[in-house]
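Engineer: Residue numbers (our numbering): 34 to 520. From the three backbone atoms N, C-alpha and C, an ideal C-beta is built for every residue, glycine too. Since we're looking at a predicted model, the values are computed, not measured. Below are the structure tokens for one structure; questions will follow.
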């Protein structure tokens with residue numbers, strides 16, 4: 034236990050959240066020692082379960098006074114170590130702040146707490162003909178607070194955009210306990226886009242405790258087609274050709290043979306047995322979708338699709354997407370351990386990059402299965418390994434990071450939606466120059482000069498990254514004057 038987390042401080046925390054809101058037993062703390070990236074584990078000093086914005090304010094004021102680092106946590110489904118505890122930290126989890134606070138259909142808005150499950154937002158407004166667009170694969174489990182921290186996407190971000198597109202206003206508790214409002218419920222509000230800065234900041238700028246989201250009208254019709262190919266390169270070429278033809282599908286997803294087989298065993302979506310499966314969803318006015326679907330089908334067949342199958346009804350569409358969204362979890366049927374990577378490349382580079390990744394896997398004697406948001410070039414190669422085999426986990430981690438290098442070299446990014454967290458922070462220096470990272474650090478310290486909010490994440494440091502880190506990105510000297518006056 035850190036010296037700052039004294040019995041007196043624990044007693045004060047307990048007064049804030051109540052007897053049931055503080056966890057200190059080691060066997061219970063183990064639940065919070067990692068997120069979906071299980072290769073990294075750190076036991077937190079304590080876990081808090083607040084029930085209101087006021088309680089979060091009190092907790093952060095205490096942390097600021099005692100210089101106690103804290104990590105905000107939703108459902109822990111993140112795949113980059115973003116919710117990984119740091120030594121001596123408090124974990125603040127939002128499972129009890131899970132209420133929908135207001136639904137404003139006239140203005141197409143809904144206000145929720147951070148612990149609300151993603152799919153529950155759509156469930157709340159679906160009877161009225163609306164939906165919430167961002168749909169991560171873990172949407173039945175992940176929370177809106179976590180989605181905001183990582184700027185989560187999902188299959189439908191190709192047409193509808195990432196989380197940042199759908200968050201209007203947030204109530205945010207800053208790391209010193211001050212309360213601010215970022216964004217606005219009205220469109221095009223003047224001033225700096227501080228909400229855009231906060232979304233995707235991975236918990237390093239504070240904690241959002243209430244958020245107003247944009248909801249959208251359900252389209253008139255939705256159609257999904259499956260196209261089976263003999264090569265993943267042919268499926269990838271079809272993606273580029275569909276976009277080049279002027280179509281904008283709601284989603285375009287590719288799965289390779291391994292991921293198809295794993296999904297088939299797990300949820301039985303009745304996929305064709307093929308080397309690559311392309312899922313394309315179109316939505317909008319029925320006449321327009323029918324015309325677009327014919328164009329898309331012709332493109333796929335022209336690239337060698339030997340089967341094209343249109344989902345016949347809503348239940349069929351649901352099953353198709355259930356198989357795709359189960360792909361990450363289903364990888365556990367292929368290997369006892371795996372790493373889900375998250376890089377981005379230009380669409381036109383898909384065939385060449387996928388071929389290179391396959392060669393890299395063969396050279397390392399490791400299997401890599403691919404399932405990804407092909408429409409916007411967001412790759413999710415899954416590196417399969419067995420940590421019981423000496424040295425195999427290290428080789429798998431190294432391969433996964435070299436995959437990110439390939440993405441950057443192709444003109445892409447080290448992450449599309451999973452975030453940097455602990456996993457990719459040493460790759461930040463590969464993607465960004467010294468002035469870029471220095472500017473990001475200045476923004477971070479405007480919100481959190483004491484580095485208390487989700488510390489040791491996002492940026493490379495010499496202690497964590499060794500020679501791969503540039504010394505300029507070590508944390509700035511602690512400032513004691515509080516939050517910079519930028520609000």
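Between 45, 217, 236, which lies nearest to residue 105 when the distance is taken from Cα to Cα?
Structural biologist: Indexing the chain shown from 1 puts residue 105 at position 72. The candidate whose alpha carbon is nearest that of residue 105 is 236.
Engineer: I'd like the span of the beta strand (DSSP E) that includes residue 425, first residue to last.
Structural biologist: Taking the chain shown and counting its residues from 1, the one referred to as residue 425 is at position 392. That residue, residue 425, is in no beta strand (DSSP E); its alpha helix (DSSP H) goes 425-442.
Engineer: Considering only DSSP beta bridges, list what residue 403 is partnered with.
Structural biologist: Here residue 403 is taken as the residue at index 370 of the chain shown, counted from 1. Note: residue 403 sits in a beta bridge opposite 414.
Engineer: Nearest CA to the CA of residue 498: which residue from 468, 460, 479?
Structural biologist: Stepping through the chain shown from its first residue, residue 498 is reached at position 465. Answer by Cα proximity: 460.
Engineer: Threshold first: 3 residues or longer. Then list the beta strand (DSSP E) segments lying entirely within the segment 174-230, N to C.
Structural biologist: Fully enclosed beta strand (DSSP E) runs of 3 or longer: 200-206, 212-216.
Engineer: Using the Cα positions of residue 311 and residue 162, report the straight-line distance between them to the nearest angstrom.
Structural biologist: The count along the chain shown starts at 1 and reaches residue 311 at position 278. The count along the chain shown starts at 1 and reaches residue 162 at position 129. Approximately 28 angstroms between the Cα atoms of the pair.
Engineer: Could I get the ranges of all uninterrupted beta strand (DSSP E) runs contained in the segment 278-307, with 3 residues as the minimum, in chain order?
Structural biologist: Within the segment 278-307, the complete beta strand (DSSP E) runs of at least 3 residues are 284-289.
Engineer: Do you know whose CA, among 111, 358, 37, lies nearest residue 295's CA?
Structural biologist: By one-based count along the chain shown, residue 295 stands at place 262. For residue 295, the nearest C-alpha among the options comes from 358.
Engineer: Output yes or no for whether 9 angstroms exceeds the beta carbon distance between residue 354 and residue 257.
Structural biologist: Position 321 of the chain shown, counted from the first residue, corresponds to residue 354. Position 224 of the chain shown, counted from the first residue, corresponds to residue 257. Against a cut-off of 9 angstroms, the Cβ pair of residue 257 and residue 354 comes out as a contact.
Engineer: Find the nearest neighbour of residue 65 within the set 124, 431, 174, 92, judged by alpha-carbon distance.
Structural biologist: As a position in the chain shown, residue 65 is number 32, starting the count at 1. Checking every option, the nearest Cα to that of residue 65 belongs to 124.
Engineer: Which residue or residues does DSSP assign as beta-bridge partners of residue 123?
Structural biologist: Residue mapping note: residue 123 aligns to position 90 of the chain shown, counting from 1. Per DSSP, 79, 103.
Engineer: How is residue 342 classed by DSSP in three states: helix, strand or coil?
Structural biologist: Working through the chain shown from its first residue, we reach residue 342 at position 309. DSSP places residue 342 in strand when its eight states are reduced to three.
Engineer: Between residue 43 and residue 239, what straight-line distance do the alpha-carbon atoms span, to the nearest angstrom?
Structural biologist: Here residue 43 refers to the residue found at position 10 of the chain shown. Here residue 239 refers to the residue found at position 206 of the chain shown. If I take the Cα positions, the gap works out to 21 angstroms.
Engineer: Rounded to the nearest angstrom, what separates residue 218 and residue 420 at their Cα positions?
Structural biologist: Along the chain shown, read from residue 1 onward, the residue named residue 218 stands at position 185. Along the chain shown, read from residue 1 onward, the residue named residue 420 stands at position 387. The alpha-carbon atoms of residue 218 and residue 420 are separated by roughly 49 angstroms.
Engineer: Spatial neighbours of residue 83 within its chain, please: CB distance less than 6 angstroms, with the 5 preceding and 5 following residues excluded, ordered by chain position.
Structural biologist: In the chain shown, counting from the first residue as 1, residue 83 sits at position 50. Once the five neighbours on either side are set aside, the close Cβ partners of residue 83 are 50, 89.
Engineer: With DSSP collapsed to three states, give me the class of residue 149.
Structural biologist: Translated into the one-based positions of the chain shown, residue 149 becomes position 116. If DSSP states are grouped into helix, strand and coil, residue 149 belongs with coil.
Engineer: Roughly how many angstroms separate the alpha carbons of residue 444 and residue 320, rounded to a whole number?
Structural biologist: For this step, residue 444 is matched to residue 411 along the chain shown. For this step, residue 320 is matched to residue 287 along the chain shown. Rounded to the nearest angstrom, the two C-alpha atoms are 37 angstroms apart.
Engineer: Use the C-beta contact count for residue 369: other C-beta atoms within 10 angstroms, 16 or more gives buried, fewer gives exposed.
Structural biologist: Within the chain shown, numbered from 1, the residue matching residue 369 stands at position 336. The residue is exposed, with fewer than 16 neighbouring Cβ atoms inside 10 Å.
Engineer: With DSSP as the reference, identify every bridge partner of residue 254, one or two as the case may be.
Structural biologist: Mapped onto the chain shown, residue 254 falls at position 221. Its beta-bridge partners are 317.
Engineer: Do you know whose CA, among 69, 277, 216, 72, lies nearest residue 247's CA?
Structural biologist: For the purposes of this step, residue 247 is taken as the residue at position 214 of the chain shown. For residue 247, the nearest C-alpha among the options comes from 216.
Engineer: Using the beta-carbon count (16 or more within 10 Å), is residue 40 buried or exposed?
Structural biologist: Walking along the chain shown from the start, residue 40 turns up at place 7. When all chains shown are included, residue 40 counts as exposed.
Engineer: May I ask you to verify whether the segment 426-440 touches the segment 394-403, counting CB pairs closer than 8 angstroms and requiring at least 3?
Structural biologist: Yes, since at least three Cβ pairs between the segment 426-440 and the segment 394-403 fall closer than 8 angstroms, the two stretches touch.
Engineer: Are residue 55 and residue 76 closer than 9 angstroms when you measure CB to CB?
Structural biologist: Reading the chain shown from its first residue, position 22 is the one you call residue 55. Reading the chain shown from its first residue, position 43 is the one you call residue 76. Contact: no.
Engineer: Look at residue 108 and residue 190 and say whether their C-beta atoms are less than 9 angstroms apart.
Structural biologist: By one-based count along the chain shown, residue 108 stands at place 75. By one-based count along the chain shown, residue 190 stands at place 157. Not closer than 9 angstroms, so no.
Engineer: Thinking C-alpha only, which one of 308, 480, 488, 481 is nearest residue 453?
Structural biologist: In the chain shown, the residue the question calls residue 453 occupies position 420. Checked all of 308, 480, 488, 481; the closest Cα to residue 453 is 488.
Engineer: Quick one: using the 10 Å Cβ neighbour count with 16 as the cut-off for buried, is residue 465 buried or exposed?
Structural biologist: Numbered from 1 along the chain shown, position 432 holds the residue referred to as residue 465. Buried is the call here.
Engineer: Taking 7 angstroms as the limit between beta carbons, can you name the residues of its chain near residue 207, skipping five residues before and five after?
Structural biologist: Within the chain shown, the letter at position 174 stands for residue 207. 213, 239, 480, 516, listed in sequence order.
Engineer: Which value, in whole angstroms, describes the spacing of the CA atoms of residue 286 and residue 182?
Structural biologist: The residue you call residue 286 lines up with position 253 of the chain shown. The residue you call residue 182 lines up with position 149 of the chain shown. Rounded to the nearest angstrom, the two C-alpha atoms are 24 angstroms apart.
Engineer: For my contact list, residue 171 and residue 110 are in at a C-beta cut-off of 8 angstroms; report their separation, rounded to the angstrom.
Structural biologist: Mapped onto the chain shown, residue 171 falls at position 138. Mapped onto the chain shown, residue 110 falls at position 77. Rounded, the Cβ-Cβ distance is 4 angstroms, consistent with contact.
Engineer: When the distance is taken between beta carbons, is residue 380 closer than 9 angstroms to residue 407?
Structural biologist: The residue you call residue 407 lines up with position 374 of the chain shown. The residue you call residue 380 lines up with position 347 of the chain shown. Yes, these two residues count as a Cβ contact at 9 angstroms.
Engineer: Taking the continuous beta strand (DSSP E) assigned at residue 49, which residues delimit it?
Structural biologist: The residue labelled residue 49 in the question sits at position 16 within the chain shown. Where residue 49 is concerned, there is no enclosing beta strand (DSSP E), although the alpha helix (DSSP H) it sits in stretches over 40-50.
Engineer: For the alpha helix (DSSP H) holding residue 353, just list the boundary residues, first then last.
Structural biologist: Counted from its first residue, the chain shown places residue 353 at position 320. That run of the alpha helix (DSSP H) goes 347-358.
Engineer: I'd like to know whether the C-beta atoms of residue 378 and residue 412 end up nearer to each other than 9 angstroms.
Structural biologist: Sequence index remark: in the chain shown, residue 378 carries index 345 (1-based). Sequence index remark: in the chain shown, residue 412 carries index 379 (1-based). Yes. Within cutoff.
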